[in-house]
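Just so we're aligned, residue 23 is where the sequence shown starts under the numbering used here, counting upward by one. A virtual CB, placed ideally from N, CA and C, is assigned to each residue, including glycine. Quick caveat, the model's predicted, so the values are computed rather than measured. All remarks here apply to the structure that follows.
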Amino acid sequence: MNRFFVIIPLVTLALFSTNSYSSTNQSNREVDADIIRSGDPSEVSHTIKLTQVDNMFLPSEITVNEGETVRFVIKNGGNRKHEMLIGSMAELKKIANMRRMFPEKDHSEAHLMQLEPGEQKELILQFIGAGTIDFACPLPGHFKKMRGKITVEKK
Ligand SMILES: [Cu+2]
């Protein structure tokens, strides 16, 4: 309902620009603007490593503090391609359904991040509000187990 969209600066997008987005789409990323926004690399207070295996996120539960900027280092340690999306569970489910119904379609417009086996990417986020936000790999057959939650604790 009260979902807003923020524009993430291109400097952040350059970190995962290996996908073939058209340049006009690069600045439109959906993020829950109540809880997270794109973070400034110079304000990172700590790094959280996330490993994708076939098919889980390790760890799947993360706790951060309100206000802090976190560098996420996401590594695909599995043998299959995975994705990483952050959003509300309703939003993630919607995207996962689209993947399941139209597996051949190019879904890159909705991707936050795609990782080939062995690949590692970074994402810098600032947690601007307390609450919880979900993350998942929305690929068919992955989505049910390959989920996690970020809890943002109030200052
Ligand atoms: Cu996956």
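| Asked | Found |
| --- | --- |
| DSSP three-state assignment for methionine 168, whether helix, strand or coil | coil |
| Distance cut-off 7 Å: glutamate 138 Cβ against heavy atoms of ligand 1 | no |
| 3-residue-minimum beta strand (DSSP E) runs that sit fully inside the stretch 139-163, ordered along the chain | 142-149, 153-158 |
| C-beta atoms of arginine 93 and isoleucine 146 nearer than 8 Å | yes |
| Of the listed residues Ala118, Asp76, Met123, Val174, nearest to glutamine 148 (C-alpha basis) | Val174 |
| Distance CB(glutamate 88)-CB(lysine 177) smaller than 8 Å | yes |
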